[in-house]
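Colleague: Here it is, the structure in full.
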Amino acid sequence: MSSYPTVEDLRLVDAVARHGSLGAAARELLVSQPSASQRLAALERRVGTSLFDRDTTGARPTAAGREFCDQAAHVLDHLGSIVERTLSAAQSRTVSVGAFPSIAGTLFAALDVLLDDVVVQPEVDHGPRLLERVERGALDAAFTGIARQVPIPRGLVVTEVGRHDLVVLLPDGAPPPGTGRRPYAGQTVVYCPLDLSADALHRRLTELGAQARPGATAEAAVRTARERRCAVVVPDMVARWYAAPGDRTVPAPARGRVTLSMVTRSPAPQILLDALPGLRERLREGNTHARP
1 MSSYPTVEDL
11 RLVDAVARHG
21 SLGAAARELL
31 VSQPSASQRL
41 AALERRVGTS
51 LFDRDTTGAR
61 PTAAGREFCD
71 QAAHVLDHLG
81 SIVERTLSAA
91 QSRTVSVGAF
101 PSIAGTLFAA
111 LDVLLDDVVV
121 QPEVDHGPRL
131 LERVERGALD
141 AAFTGIARQV
151 PIPRGLVVTE
161 VGRHDLVVLL
171 PDGAPPPGTG
181 RRPYAGQTVV
191 YCPLDLSADA
201 LHRRLTELGA
211 QARPGATAEA
221 AVRTARERRC
231 AVVVPDMVAR
241 WYAAPGDRTV
251 PAPARGRVTL
261 SMVTRSPAPQ
271 ILLDALPGLR
281 ERLREGNTHA
291 RP
C-alpha cells in the first residue's frame with residue numbers, strides 16, 4: 001500500500017462486515033451511501049484486491065476482506081482503550097526499579113509491601129547496564145552493589161542502602177575450616193560477593209587451599225553449597241535470607257564488605273527515599289517466610 005489505512009477506513013470496513021450491507025454501514029457512520037461506496041472502492045484500490053463481494057443482496061467479505069476485517073477490529077479495539085489507559089496511567093503512581101539478579105527477588109518482594117499503593121515496574125539486569133538506564137532516564141532507580149566501585153555518571157545520585165560483611169555460611173554437614181595457613185585445603189568453597197571483588201576473593205580462597213567456585217547468583221551459591229555440603233562465602237544478609245536449620249556462620253577468610261546502593265537521577269524519587277528505612281530492615285533480615 002502507498003499509505004496506511006485511516007481510522008475512517010477501518011471503521012467503514014468493520015461496519016460493512018458487521019451489517020453485511022454498505023447502506024447500513026453508511027447510516028451507522030452518518031455518511032451517504034455513495035460516499036461510503038467511493039471510500040471503500042478507493043481503499044480496495046490501495047490494498048490491491050477486493051475486500052467485499054457486493055450485489056443487490058448485500059456485501060460479503062472476500063478471503064482478503066475477512067483478514068482485513070479481523071485486523072481492523074483488533075486495531076479499533078486498541079484505539080478505543082487509548083483514552084481509558086491514558087487516564088488510568090495518569091491517576092496511578094508508578095516507579096521503575098532495576099536490580100541485579102542476586103537481590104531481585106527479595107528487593108521486589110519488599111518494595112511490593114512497602115509501596116503498597118505504587119505500581120513497581122521491575123527490571124533485572126547487571127549493574128553497569130542498570131546504571132546506563134538510570135542515566136538515560138529509562139529507570140527511576142537502580143539497586144546495585146557496584147556504585148562505590150565504578151565511575152558514576154554526572155547527575156546521578158548514590159544513596160547508601162546498607163553495608164554487609166562477607167561471612168562463611170556452613171550448611172548442615174559442611175566441614176568447618178581447618179587451622180594453619182591453608183584452612184580450606186582440599187575443600188570446595190562457593191562464593192558470591194555481590195560486587196566487583198569476586199576475582200580477588202577467588203584468588204584469596206585459592207591461596208587458602210580451597211577449590212573456589214563462583215555462584216551464578218547469591219541463591220544459586222547457597223543452594224550449590226547445600227548440594228555439595230561445602231562452605232559458601234556471601235554477604236551476611238544473604239546468609240540470613242537463605243538460612244536453614246543446622247546452618248552455621250563463621251568469619252570470612254578475607255575481609256570484605258559489600259555496599260548496597262540506590263542510584264537515581266537528581267532529585268531521587270521521594271517515594272523511594274521514604275521507603276528506605278523499611279527496605280533496609282527487610283533486606284537485612286530477608287523474607288522470613290521463604291527459606292530453602
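For the sequence shown, the UniProt record's numbering assigns the number 1 to the initial residue and increments by one for each residue that follows. For each residue, glycine too, the CB sits at the ideal point set by N, CA and C. Computed from a predicted model, the values in this text were never measured in an experiment.
In the DSSP output, what is Gln121 paired with across the bridge?
Modeller: The partner list for Gln121 (beta bridge, DSSP) reads Ser96.
Colleague: Give the range of the beta strand (DSSP E) segment to which His126 is assigned.
Modeller: Per DSSP, His126 belongs to no beta strand (DSSP E) and is neither H nor E.
Colleague: Restricting to Cα atoms, I'd like to know which of Leu30, Pro193, Arg213 and Gln187 is closest to Phe100.
Modeller: Cα-wise, what sits closest to Phe100 is Pro193.
Colleague: Answer yes or no: do Val95 and Val124 have a C-beta to C-beta separation smaller than 8 Å?
Modeller: Not closer than 8 Å, so no.
Colleague: How many Å lie between Ser3 and Arg46 at the Cα?
Modeller: For Ser3 and Arg46, the distance between alpha carbons rounds to 8 Å.
Colleague: Specify, as a first and last residue, the run of the beta strand (DSSP E) that Gln211 falls within.
Modeller: First-last of the beta strand (DSSP E) with Gln211: Gln211 to Pro214.
Colleague: Do you know offhand how far Leu272's Cα is from Ala141's?
Modeller: Going from the Cα of Leu272 to the Cα of Ala141 covers about 9 Å.
Colleague: Counting only the same chain and skipping the five closest in sequence on each side, list residues whose C-beta sits under 6 Å from that of Thr217.
Modeller: If we look at Thr217 and ignore the five residues flanking it on each side, its Cβ neighbours are Pro101 and Ser102.
Colleague: List the endpoints of the continuous beta strand (DSSP E) containing Gly162.
Modeller: Start and end: Leu156 to Leu170.
Colleague: Under the rule that 16 or more other beta-carbon atoms within 10 Å means buried, what is Gly256, buried or exposed?
Modeller: With 16 or more Cβ atoms within 10 Å of its Cβ, Gly256 is classed as buried.
Colleague: Give the secondary structure of Ala290 by DSSP, where H, G and I count as helix, E and B as strand, and everything else as coil.
Modeller: In this prediction, Ala290 scores a pLDDT of 44, lower than 50, which makes its location untrustworthy; the coordinate-derived value is nonetheless stated afterwards. Looking at Ala290 - three-state DSSP - the assignment turns out to be coil, as it is neither helix nor strand.
Colleague: Spatial neighbours of Leu139 within its chain, please: C-beta separation below 8 Å, excluding the five flanking residues on both sides.
Modeller: Contacts found: Ser96, Val97, Gly98, Glu123, Leu130 and Arg133.
Colleague: Our contact map puts Pro253 next to Tyr191 with C-beta atoms below 8 Å; I'd like the distance itself, whole angstroms only.
Modeller: About 10 Å separates the two Cβ atoms, so there is no contact after all.
Colleague: List in chain order: all unbroken beta strand (DSSP E) runs of 3+ residues lying wholly within the segment 39-114.
Modeller: List check, beta strand (DSSP E) in window: 52-55, 58-61 and 93-99.
Colleague: Under the three-state reduction of DSSP, which class applies to Val258: helix, strand or coil?
Modeller: Three-state DSSP puts Val258 in a strand.
Colleague: Between Ala41 and Ala25, is the Cβ-Cβ spacing less than 8 Å?
Modeller: Contact flag unset, no.
Colleague: Any idea which residues DSSP pairs Ala174 with across the strands?
Modeller: Paired residues: none, contrary to the question.
Colleague: In whole angstroms, give me the CA-to-CA distance for Gly145 and Arg228.
Modeller: C-alpha separation (whole angstroms): 27 Å.
Colleague: Hey, Gly155 and Arg265: beta-carbon distance below 8 Å or not?
Modeller: Yes, Cβ-Cβ distance for Gly155 and Arg265 is below 8 Å.
Colleague: Where does Gln6 sit, in a helix, a strand or coil, going by DSSP?
Modeller: Looking at the sequence shown, residue 6 is not Gln but Thr. DSSP places Thr6 in coil when its eight states are reduced to three.
Colleague: Where does residue 294 fall in DSSP's three states?
Modeller: It is not possible to answer for residue 294, since the shown part of the chain is limited to 1 through 292.
Colleague: From residue 369 to Ser81, what distance separates their C-alpha atoms?
Modeller: This structure does not reach residue 369, given that the chain is present from 1 up to 292, and the question cannot be answered.
Colleague: Give the DSSP-derived three-state secondary structure of Ala244 in the structure shown.
Modeller: In the structure shown, Ala244 sits in coil (DSSP, three-state: anything other than H, G, I, E or B).
Colleague: Determine the contact status of Arg60 and Phe52, defining contact as a CB-CB distance below 8 Å.
Modeller: Yes, Cβ-Cβ distance for Arg60 and Phe52 is below 8 Å.
Colleague: Contact between the segment 241-251 and the segment 162-182 is defined here as three or more beta-carbon pairs at a separation below 8 Å; is this criterion met?
Modeller: At 8 Å Cβ cutoff, the stretches touch.
Colleague: Report the option in Ser21, Leu30 and Cys69 whose CA atom is closest to the CA atom of Arg54.
Modeller: Checking every option, the nearest Cα to that of Arg54 belongs to Ser21.
Colleague: Would you mind stating whether Leu279 and Val120 have Cβ atoms separated by less than 8 Å?
Modeller: Contact flag unset, no.
Colleague: Need the endpoints of the beta strand (DSSP E) that Thr188 sits in, please.
Modeller: Where Thr188 is concerned, the enclosing beta strand (DSSP E) stretches over Thr188 to Tyr191.
Colleague: Should Arg182 and Gly209 be called a contact, given that it needs their Cβ atoms to be closer than 8 Å?
Modeller: A contact, by the Cβ cut-off of 8 Å.
Colleague: Please classify Ala239 as buried or exposed, where buried requires at least 16 other C-beta atoms within 10 Å of its C-beta.
Modeller: Buried: at least 16 other Cβ atoms inside 10 Å.
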